[in-house]
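Numbering (the numbering used here), first residue to last: 1 to 443.
For each residue, glycine too, the CB sits at the ideal point set by N, CA and C.
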Ligand code: ATP
Ligand code: MG
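If you want it as structure tokens, here you go:
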């Protein structure tokens, strides 16, 4: 039987409605994905410099991991998770809305802290059922750093410096660092009582979410995005005033290290973050250039999560950044990013020379040049004119013309395609290694 659908079948096919991507989940097409790969590459190098190692955990986790880890009364768990039942065995599963819980689960499951602390990083897709808008998607991508097993403020400082150095490495400007301390559970408890008293006095201005959370998770109310509650949130008692000596010492030590390293920050006593697992240090890197989706990176300490996921208690700290937001901000700031166009495009007027030419192209590639081979879209290789047109649309900086005359003399013509008035030159095919580098773009 033939694989080609019958006429009758293909006419039925064309009657089908086009299938499009799920709302809020985007394809990343080649021009754009080149920028993603560049950013991921910079991150990998920087992580290696800081001696952080890559970890890859599953995209699907047991629902209980997030309910227990992030907290039942959080936006993510209450409204944003893609949870489903496995049809085959009834397991309750969830597409990961973030990766800290999964990393902690893996660290516990593999007893990774057995021989001491770990510095880890990850990259990958996360899923949250939110209202899609610029900078807010249902499948989005995070890069995250997690350090487990170290207690001192120098590690809080290290992860913040790591993010700060990433902004430097990619040329990102105008992100400000906001810092707060959430203290320890007993301190949170006294603050919680004060918060409840405060919000009870202002019941009238509380929205539905806030009313529901008043007695279950009043701290969460501080994380509201509702402008109508701005005032009641701003006048709420501040956790900072409930911190004991040890918590304050940790916070001040962190601040000293940041000061000594010239990292500027501001204190934001209302910064609480979206998950319940944080304690002591919390921070966000924020920009004013992306409208209301201005948080590009957020994190903090989570010393109790490992125990909550069933591990032996151990301290931890980390952050996650939104890849889409970082790239959008770079674009907003006019930073030129690579777009993966080839260095050179090979024009071969006579198809019979292709076998020989392909050999030269492979030699050029081995020397580090990105070369696109011309291929005809119909019969044969097409006219010189159409080949030049393709060379132009490829974005390559140079056309390499492997004409019959050139090949007889063991040469190739190199024609600059982008320089105004750039002159064509002839190069020898006998010593490609002496001039191949001149084709390479600087990026
Ligand atoms: P927001 O306040 O914008 O909802 P968040 O506090 O929920 O952010 P985190 O859970 O801290 O975000 O995630 C870390 C980073 O991931 C954010 O700072 C942001 O850059 C990115 N991020 C979070 N949710 C989304 C989303 N739905 N689409 C795109 N990026 C996101
Ligand atoms: Mg959110």
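Annotation for residue 229: 205, 206, 207, 210 and 221 place their beta carbon closer than 8 Å to its own, counting only its chain and skipping 5 residues before and after. Contact annotation: the stretch 326-340 does not touch the stretch 375-393, with fewer than three C-beta pairs closer than 8 Å. Taking a 10 Å sphere around the C-beta of residue 368, we find fewer than 16 other C-beta atoms and assign the residue as exposed. Selection 79, 133, 183 and 150 evaluated against residue 317 yields 150 as nearest (Cα-Cα). Residue 135 and residue 325 do touch by the CB rule: their CB atoms are close to 5 Å apart, below 8 Å. Counting along the chain, residue 390 sits inside the alpha helix (DSSP H) bounded by residues 384-394. Nearest to residue 201 by C-alpha distance, out of 214, 190 and 191, is 214. CA-to-CA, the gap between residue 108 and residue 60 works out to about 17 Å.
Set against 8 Å, the gap from the CB of residue 135 to the closest heavy atom of the ligand MG is not smaller. Annotated three-state conformation of residue 141 is strand, per DSSP. Below 8 Å, too few C-beta pairs join the stretch 126-135 and the stretch 43-52 to call them touching: fewer than three. A residue is called buried when at least 16 other Cβ atoms come within 10 angstroms of its Cβ; residue 62 does not meet this threshold and is exposed. In this structure, the straight-line span from the alpha carbon of residue 265 to that of residue 397 is close to 43 Å.
Taking C-alpha positions only, residue 422 is separated from residue 415 by approximately 8 Å. For residue 240 and residue 185, the gap between their C-alpha atoms comes out near 13 Å.
At least one heavy atom of the ligand ATP is found less than 8 Å from the C-beta of residue 140.
Unbroken alpha helix (DSSP H) runs of no fewer than 4 residues, entirely contained in the stretch 10-66, are found at 30-49, following chain order. In the DSSP assignment, residue 167 falls within the alpha helix (DSSP H) that extends over 153-170. Across the set 148, 102, 92 and 428, the C-alpha of 148 shows the shortest separation from the C-alpha of residue 115. With a 10 Å radius around the Cβ and a threshold of 16 neighbouring Cβ atoms, residue 19 comes out exposed. If only uninterrupted alpha helix (DSSP H) runs of at least 4 residues are considered, those enclosed by the stretch 293-368 are 305-308, 323-332 and 354-366. Between the beta-carbon of residue 99 and that of residue 92 there is about 19 Å, and that puts the pair past the 8 Å contact cut. Distance from the C-beta of residue 65 to the nearest heavy atom of the ligand ATP is not below 8 Å.
The stretch 342-355 makes contact with the stretch 392-407; the number of CB pairs closer than 8 Å reaches 3 or more. If you check the CB distance, residue 142 and residue 323 come in under 9 Å. In this model, residue 383 and residue 376 are separated by some 9 Å (Cα to Cα).
Pairing residue 341 with residue 394, the inter-Cα distance amounts to about 7 Å.
With fewer than 16 other beta carbons inside 10 angstroms of its own, residue 426 counts as exposed. Residue 190 and residue 243 have their C-alpha atoms some 10 Å from each other. DSSP places residue 399 in the strand class (E or B) of the three-state scheme.
Set against 8 Å, the gap from the CB of residue 343 to the closest heavy atom of the ligand MG is not smaller. Residue 289 sits in coil when the DSSP states are folded into three classes, being neither helix nor strand.
Three or more pairs of CB atoms, one per stretch, sit closer than 8 Å, so the stretch 255-265 contacts the stretch 151-171. For residue 239, there is no enclosing beta strand (DSSP E), since its DSSP letter is neither H nor E.
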